[in-house]
Amino acid sequence: MDTDRIVGAAKDYAGKAESAIGDMAGDSKTQASGKAREAAGTVQNLYGQAKDAVRDATDTAASYAKDAYENSGDTFRDGSQAIAQKVKDNPLGALMVAGGIGFALALLMSRPARRPPTRWRY
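For the sequence shown, UniProt numbering puts the final residue at 122, and the numbers step up evenly by one.
Here is the structure:
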């Protein structure tokens, strides 16, 4: 719990008490001062709640990022094992896919060089 929440709640209750005393005494100045202190306490309490919410959100995000980082090796290993199992199950299909990828890469790398545009001679 944030200190702003504690101080804000204390100001809120003090403002309510001061406002009630002003109501009983019939003093509008004390009553207005109590309402102002109550409003200030409410605002400070809300500010503390917002800080707590942001802190909780950052802690949660950091926890998720840490878990993802720690489990990334397991995910990579599981993916590699799944691919290896697919190759074992269907070696001809894997060979065809690898050959297709190699052929596409060869086509991309062996394109003729681009010629500069012809210039007009006068």
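A virtual CB, placed ideally from N, CA and C, is assigned to each residue, including glycine.
Beta-carbon spacing of residue i, residue j below 9 Å
i, j, result
"Gly79", "Gly41", "no"
"Gln49", "Asp2", "yes"
"Ser19", "Lys35", "yes"
"Gly26", "Ser33", "no"
Residue interval of the alpha helix (DSSP H) (run including residue i)
i, result
"Asp27", "Counting along the chain, Asp27 falls outside any alpha helix (DSSP H), and DSSP gives it neither H nor E."
"residue 138", "This structure cannot settle anything about residue 138, because the visible part of the chain is limited to 1 through 122."
Inter-residue CB distance, residue i and residue j (contact presumed, cutoff 8 Å)
i, j, result
"residue 123", "Asp4", "Because the chain in this structure spans residues 1 to 122, residue 123 falls outside the shown range and cannot be described."
"Lys66", "Glu38", "Incorrect: roughly 42 Å between the Cβ atoms, too far for contact."
"Lys86", "Ala98", "No, Lys86 and Ala98 are not in contact; Cβ-Cβ is about 12 Å, not under 8 Å."
CA-to-CA distance, residue j to residue i, given in whole angstroms
i, j, result
"Asp52", "Tyr64", "18 Å"
"Ala82", "Met96", "18 Å"
"Ala68", "Arg77", "14 Å"
"Met109", "Gly102", "11 Å"
"Leu105", "Pro116", "25 Å"
"Glu70", "Thr58", "18 Å"
"Ala113", "Gly100", "23 Å"
"Ala14", "Asp56", "29 Å"
Exposure of residue i, with buried meaning 16 or more beta-carbon neighbours within 10 Å
i, result
"Asp12", "buried"
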